[in-house]
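Working notes, structure below.
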Amino acid sequence: MHFGSLITAVASFLEARKHSGKWLLRIENIDPPREQRGATEAIIAALATYGFEWDGAIRFQADSRSLHDAALESLLAVRHAYPCGCSRSDLEGAELGDLGPIYPGTCRGGTNASATAIRVRTGAKTLTYIDGLQGTQSQCLETESGDFIIRRKDKLIAYQLAVVVDDHDQNVTDIVRGIDLMDSTLRQIWLQKLLGYRTPRYTHIPVAVNAQGQKLAKSTGAAALPKTQVARTLHAALAALRQQPPDELATASCGRIWEWAHDNWNIGRLRAEKAVLFSPDTL
Ligand SMILES: [Zn+2]
Numbered sequence: 000m001h002f003g004s005l006i007t008a009v010a011s012f013l014e015a016r017k018h019s020g021k022w023l024l025r026i027e028n029i030d031p032p033r034e035q036r037g038a039t040e041a042i043i044a045a046l047a048t049y050g051f052e053w054d055g056a057i058r059f060q061a062d063s064r065s066l067h068d069a070a071l072e073s074l075l076a077v078r079h080a081y082p083c084g085c086s087r088s089d090l091e092g093a094e095l096g097d098l099g100p101i102y103p104g105t106c107r108g109g110t111n112a113s114a115t116a117i118r119v120r121t122g123a124k125t126l127t128y129i130d131g132l133q134g135t136q137s138q139c140l141e142t143e144s145g146d147f148i149i150r151r152k153d154k155l156i157a158y159q160l161a162v163v164v165d166d167h168d169q170n171v172t173d174i175v176r177g178i179d180l181m182d183s184t185l186r187q188i189w190l191q192k193l194l195g196y197r198t199p200r201y202t203h204i205p206v207a208v209n210a211q212g213q214k215l216a217k218s219t220g221a222a223a224l225p226k227t228q229v230a231r232t233l234h235a236a237l238a239a240l241r242q243q244p245p246d247e248l249a250t251a252s253c254g255r256i257w258e259w260a261h262d263n264w265n266i267g268r269l270r271a272e273k274a275v276l277f278s279p280d281t282l
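Each residue of the sequence shown is one higher than the last, beginning at 0 in numbering that gives the first Met the number 0.
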């Protein structure tokens, strides 16, 4: 975990507690080839070190493959989804939209290819939802993304489908996450509609950026969270989240900081914010 993932965890944890809700910990490990050895253990250990308390058992996404497959089959059965045999080069001429290449619908009428991905059929109607912090969001999936992949050619279930099935299975009512995932939300809402699921409330908080305006991530050199100076780091997270923690709190105990944060948490201070600056020098 780095500072960017810390602020998302802090915001979602405090928002859940403020509404007397449960905070669920799910490890999204559906892509085993990309998973780094020990990464899961390191995340769980970092959350515990920083005083997070999750409710119930940790859920591992890879364990719910049968649920993902059942949802996929139900979409195929009613032709909301179909096999796509297009190769990368087949799609080279596709128009590039904000969400990536727009699938032109080549295989909507069928394919003879033996190896296929599965795509979900999208509609021409503009979809809308009201985000908890970012206001009304709209997308026309057919023209902005085209039919999108829900199972890859290598048989891995795509993130969009896995997350929707798991949220439903866990009775998730509220999702608080980074704004870098906001583009996925209407594709997820579309899947919820097709599967007959209730749509949770979505709130997208700003991402932490460095002085160059780059999102803090491993690829932009964000350092792992320190194992010492926990209180100071939590204080900096609350400050980045615009909660204005008093200066003297930076040297208080971890427990005292959480107590202050629970009493004073106000997600409204992040309204319409897209990015918050975090400079490691402040630690
Ligand atoms: Zn195709």
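For every residue, glycine included, the Cβ atom is placed at its ideal position computed from N, Cα and C.
Taking C-beta to C-beta, are residue i and residue j nearer than 8 Å?
| i | j | result |
| --- | --- | --- |
| Ala116 | Cys83 | yes |
| Trp53 | Leu74 | no |
| Ala221 | Ser252 | no |
| Leu269 | Leu240 | yes |
| His18 | Gln133 | no |
| Val171 | Pro205 | no |
| Ile29 | Ala70 | no |
| Ser63 | Asp168 | yes |
| Lys217 | Thr48 | no |
| Arg120 | His79 | yes |
| Tyr128 | Ile188 | yes |
| Val175 | Glu14 | yes |
| Gln213 | Thr219 | yes |
| Leu276 | Val208 | yes |
| Gly104 | Gly145 | yes |
| Trp259 | Leu248 | yes |
| Lys152 | Ala114 | yes |
| Gly20 | Asp173 | yes |
| Arg33 | His261 | no |
| Ala10 | Ile266 | yes |
Throw me the rounded Cβ distance for the residue i and residue j pair, which I believe falls under 8 Å.
| i | j | result |
| --- | --- | --- |
| Ile57 | Ile101 | Contact doesn't hold; Cβ gap of about 37 Å is too wide. |
| Gln136 | Leu185 | 7 Å |
| Leu160 | Leu190 | 6 Å |
| Phe51 | Phe12 | 6 Å |
| Thr7 | Gly177 | 5 Å |
| Tyr196 | Gly131 | About 19 Å; that fails the 8 Å criterion. |
| Gly96 | Glu143 | 5 Å |
| Lys193 | Ala45 | For the record, residue 193 in the displayed sequence is Leu; it is not Lys. Not quite, the Cβ-Cβ distance comes to about 36 Å (not below 8 Å), so this is no contact. |
| Phe147 | Arg118 | 6 Å |
| Glu141 | Ala157 | Not a contact, Cβ separation roughly 18 Å. |
List the endpoints of the continuous beta strand (DSSP E) containing residue i.
| i | result |
| --- | --- |
| Thr232 | From DSSP, Thr232 is part of no beta strand (DSSP E) but of the alpha helix (DSSP H) over 229-239. |
| Leu132 | That residue, Leu132, is in no beta strand (DSSP E); it is neither H nor E in DSSP. |
| Gly12 | First, the residue type needs correcting, since residue 12 is Phe and not Gly in the sequence shown. Unbroken run through Phe12 is the alpha helix (DSSP H), 2-17; no beta strand (DSSP E). |
| Leu224 | Segment: none, Leu224 is in no beta strand (DSSP E) and carries neither H nor E. |
| Ala274 | 274-276 |
In the DSSP output, which residue or residues are listed as bridge partners for residue i?
| i | result |
| --- | --- |
| Pro244 | Beta-bridge pairing links Pro244 to no other residue. |
| Arg25 | Arg58 |
| Ala249 | The partner list for Ala249 (beta bridge, DSSP) is empty, contrary to what the question assumes. |
| Pro31 | According to DSSP, which records beta bridges pairwise, Pro31 is partnered with nothing at all. |
| Ala271 | Ala271 pairs with nothing; no bridge assigned. |
Grab the span of the alpha helix (DSSP H) containing residue i for me, first residue to last.
| i | result |
| --- | --- |
| Arg176 | Looking at the DSSP string, Arg176 is not in any alpha helix (DSSP H); the run it does join, the beta strand (DSSP E), is 173-177. |
| Leu180 | Premise fails: Leu180 is in no alpha helix (DSSP H) and is neither H nor E. |
| Ser65 | 64-76 |
| Glu258 | 253-263 |
| Ile42 | 38-48 |
My parser needs the alpha helix (DSSP H) runs of 4 or more residues fully inside the segment 182-219; what are they? 184-194
Starting from the N-terminal side, write out each stretch of the beta strand (DSSP E) that is 3 residues or longer and does not extend beyond the segment 84-171. 116-119, 125-130, 134-139, 147-150
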